[in-house]
Amino acid sequence: MSIPTSKIMVTVGNESPHDVPLTKISLQEYLSNIHKYTELERSMYAPAHDHQALVSTQACFLPIEEATGKAEFHVGLTNYQARENDPAVLVLVCTDTGTSAQVMTQRSATLFCNNKGSKHTFVAERLSTDRAKRGVATTGAMTEAEEARNYVMLVQIPLEQKLQPAFSFGGPTTGGFGGFGASPTPGVFGSAPCMAFGATQQCNMAATSFGMPAAPSFSFGAAVPSTPNVEAAMVGLSDAKGPFPKLSAFSHVRRNAKYPIRVTVQFYQATSNGVVSAEIIQDLASKMDHVKTNATWWGSLVTPGSPPPIFGSSIVHPHAGVNCDMCRSEVITALRYKCAFCADYDVCANCIERADTQHPHPFLRLTKASPAYGAKTYAVMNRATVSHYVACSSCTANIVGVLYQCTHCPNVRLCEVCEATTGHGDFQHPLIKIFQAAI
């Protein structure tokens with residue numbers, strides 16, 4: 001789902017070594033004026049793209065016994081494009097205690113919170129324990145302040161990287177999209193990792209490879225209790241772990257506007273036995289659905305409607321000069337559909353449903369005019385010379401031409417025909433379109 005960055009709020013003031021009061025601003029304002037809060041010199045807000053952010057939600061269960069009432073853990077991230085001195089993503093860790101920015105220079109990294117120049121991980125406490133310490137009733141609905149302490153929000157902003165000679169799965173690439181996302185597992189959070197670790201060695205969380213949540217599982221002995229013991233966890237900061245890393249060495253990094261900003265909201269729950277009920281799952285689903293009240297669209301990386309212009313009129317025609325081959329009118333819709341096979345065949349958003357039944361070829365969905373999709377499409381190039389030496393996950397034939405790599409399923413690679421006909425992931429899994437074979 002996509003949510004306007006003007007509606008996503010973050011807390012600032014924690015980055016100052018002085019006693020500055022905490023205030024809330026929009027993510028849009030933070031990215032536009034990031035030089036005020038970090039050592040970065042350039043804005044991380046791309047006006048033509050970043051009016052929306054791709055948002056997902058997760059429920060994270062932490063093993064916290066009632067007797068102890070708390071557990072220390074850390075949030076981690078894995079990014080396959082990260083390289084030393086050449087970060088692929090800027091990460092913001094956002095809680096009610098502040099917003100902390102750091103870059104990924106290694107594939108796997110622990111994320112920290114900046115509290116007046118010191119770095120901290122997290123401590124989670126049962127809601128009932130937290131309330132007892134504050135001398136308030138231990139039962140009842142969560143207050144607004146408690147809701148704000150129940151989650152950690154991660155914001156991932158793709159950065160431009162130095163070009164590399166080839167694209168290869170499972171390793172560094174040309175700075176392209178490679179699983180900006182999140183998933184729970186011990187030690188890391190993101191492409192192949194997790195968000196809540198360190199609480200206990202008995203917490204076993206499954207890993208995924210391309211940034212989608214993996215369901216956590218727990219092992220607390222041979223017998224499996226039948227009575228759930230789950231309540232909300234209040235997230236705070238651990239003791240200081242040293243100085244917070246500065247971004248001075250990366251002050252000139254640039255926003256890579258080819259890829260969207262991703263926001264992951266993680267709601268934390270405490271459990272002593274890993275047992276949940278249908279009612280608990282429904283309550284968590286309702287909490288996650290509440291995030292969607294600000295969403296403008298659910299589904300993929302592309303958001304409908306024209307992006308707001310930087311200057312001048314609010315009317316934007318990104319495909320000016322292109323005519324629809326169905327209705328013969330100029331394409332004035334935000335989306336344009338270009339045939340992947342025909343040298344010059346375009347359809348507007350109003351005609352695409354009709355085109356799907358009347359035109360035999362698959363279409364590329366374009367949000368802006370691009371020189372990459374001119375009169376000469378990839379289909380008329382010599383495809384036989386481009387072999388990826390990889391079998392299609394659907395038809396098992398060797399992939400020649402375009403290879404489609406699923407960003408959610410690391411082992412799913414499709415040829416052009418199967419990508420257009422199989423509907424992998426019900427067309428909800430974004431696919432990387434790879435023209436050049438790996439060397």
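Just so you know, we're using the UniProt record's numbering here: the sequence shown kicks off at 1 and counts up by one. Cβ coordinates follow ideal geometry from the N, Cα and C atoms, glycine included. Small disclaimer: the values here were computed from a predicted structure and weren't measured.
Exercise. Spatial neighbours of residue 418 within its chain, please: CB distance less than 6 Å, with the 5 preceding and 5 following residues excluded, ordered by chain position.
Key: Only residues of its own chain outside the window of five on either side were considered, and among them 392, 394, 395 have a CB closer than 6 Å to the CB of residue 418, listed in chain order.
Quiz prompt | Contact under 9 Å by Cβ, residue 78 with residue 109 | solution = Contact: yes.
Exercise. Helix, strand or coil for residue 40, going by three-state DSSP, please let me know.
Key: The answer is coil: DSSP assigns residue 40 none of H, G, I, E or B.
Quiz item: Which one or two residues does DSSP pair with residue 362 in a beta bridge?
Solution: Under DSSP, residue 362 forms no beta bridge with any residue.
Practice problem: Could you pull the start and end residues of the beta strand (DSSP E) that residue 328 belongs to? | Solution: Run containing residue 328: none; DSSP gives neither H nor E here.
Quiz item: Roughly how many angstroms lie between the CA atoms of residue 125 and residue 272, to the nearest whole one?
Solution: Going by the C-alpha atoms only, they are around 12 Å apart.
Practice problem: Take residue 26 and list the residues in its own chain whose beta-carbon comes closer than 8 Å to its own, dropping the five residues that flank it on each side. | Solution: Excluding positions up to five away in sequence, the list reads 5, 6, 7, 8, 9, 10.
Quiz item: Roughly how far, in whole angstroms, is the beta-carbon of residue 45 from the beta-carbon of residue 31, given that I think they are within contact range, below 8 Å?
Solution: Contact between residue 45 and residue 31 holds: their C-beta atoms lie close to 4 Å from each other, under 8 Å.
Quiz item: For residue 346, does the three-state DSSP call read helix, strand or coil?
Solution: In this structure, DSSP gives residue 346 an extended state, which the three-state scheme calls strand.
Quiz item: For residue 255, which of 342, 404, 42 has the nearest alpha-carbon?
Solution: Looking at the Cα atoms, 42 is the closest of the given residues.
Quiz prompt | residue 425 (DSSP reduced to helix, strand or coil) | solution = It is helical.
Quiz item: Alpha carbon to alpha carbon, how far is residue 292 from residue 328?
Solution: Each residue's Cα considered, the two are about 38 Å apart.
Self-check item: Distance, residue 389 Cα to residue 403 Cα
Solution: Cα to Cα, the separation comes out at about 10 Å.
Self-check item: Secondary structure of residue 288, DSSP reduced to three states
Solution: Of the three classes helix, strand and coil, the one that applies to residue 288 here is helix, per DSSP.
Quiz prompt | Top-ranked residue by Cα proximity to residue 155, from 356, 137, 102, 133 | solution = Of the listed residues, the one whose Cα sits closest to residue 155 is 102.
Quiz item: Do the segment 120-135 and the segment 61-69 touch if we need at least three Cβ pairs shorter than 8 Å?
Solution: Segments in contact, yes.
Quiz item: For the candidate residues 82, 429, 90, whose alpha-carbon lies nearest to that of residue 162?
Solution: The shortest Cα separation from residue 162 among 82, 429, 90 belongs to 82.
Practice problem: Could you name the residues of the same chain whose beta carbon sits closer than 7 Å to that of residue 287, not counting the 5 residues immediately before and after it, in chain order? | Solution: A distance below 7 Å between beta-carbons, with the five flanking residues on each side excluded, links residue 287 to the following residues of its chain, in chain order: 267.
Quiz item: DSSP state of residue 18, grouped into three classes?
Solution: Coil at residue 18, not helix or strand.
Quiz item: Out of curiosity, what's the CA-to-CA distance linking residue 357 and residue 339?
Solution: In a straight line, the C-alpha of residue 357 is about 13 Å away from that of residue 339.
Quiz prompt | Host alpha helix (DSSP H) of residue 131 (start-end) | solution = If you look at residue 131, you'll find it in the alpha helix (DSSP H) that goes 127-134.
Practice problem: Tell me whether the beta-carbon of residue 121 lies closer than 9 Å to the beta-carbon of residue 14. | Solution: At the C-beta level, residue 121 and residue 14 stay beyond 9 Å of one another.
Self-check item: Residues near residue 323 in its chain [Cβ-Cβ closer than 8 Å; skip 5 each side]
Solution: Around residue 323: 329, 330, 331, 346.
Exercise. Quick one: using the 10 Å Cβ neighbour count with 16 as the cut-off for buried, is residue 473 buried or exposed?
Key: The chain is shown from 1 up to 439; residue 473 falls before or after that span and cannot be answered.
Practice problem: Determine the extent of the beta strand (DSSP E) in which residue 6 is found, giving its start and end residues. | Solution: Secondary structure note for residue 6: it is in no beta strand (DSSP E), with a DSSP letter that is neither H nor E.
Exercise. Quick one: grab the DSSP three-state call for residue 106.
Key: Here residue 106 sits in coil by DSSP.
Quiz item: Is the Cβ-Cβ distance between residue 412 and residue 400 less than 9 Å?
Solution: Contact: no.
Quiz item: What separation, rounded to the nearest whole angstrom, lies between the Cα atoms of residue 260 and residue 137?
Solution: Between residue 260 and residue 137, the C-alpha separation is close to 43 Å.
Exercise. Tell me, to the nearest whole angstrom, how far the beta carbon of residue 269 is from that of residue 60; I am working on the premise that it is less than 8 Å.
Key: With 8 Å as the limit, residue 269 and residue 60 qualify as a contact, their Cβ atoms being about 7 Å apart.
Self-check item: Buried or exposed by the 16-neighbour rule on C-beta atoms within 10 Å, applied to residue 150
Solution: With 16 or more other Cβ atoms within 10 Å, it is buried.
Self-check item: residue 75, buried or exposed, once every other Cβ within 10 Å from all chains shown has been counted against 16
Solution: In this structure residue 75 is buried. Its beta-carbon is surrounded by 16 or more other beta-carbon atoms within 10 angstroms.
Practice problem: Could you give the DSSP three-state label for residue 96: helix, strand or coil? | Solution: It is coil, neither helix nor strand.
Quiz item: When DSSP labels each residue in this structure, what does residue 68 get in the three-state scheme?
Solution: Reduced to three states, the DSSP call for residue 68 is coil.
Quiz item: Taking the C-alpha atoms as reference points, what is the distance between residue 40 and residue 159?
Solution: Answer to the nearest angstrom: the Cα atoms are 12 Å apart.
Quiz item: Using a Cβ-Cβ cut-off of 6 Å (strictly less than) and excluding sequence neighbours within five positions of residue 84, which residues of its own chain qualify?
Solution: Within the same chain, 105 come within 6 Å of residue 84 by CB-CB distance, once the 5 residues on both sides are set aside.
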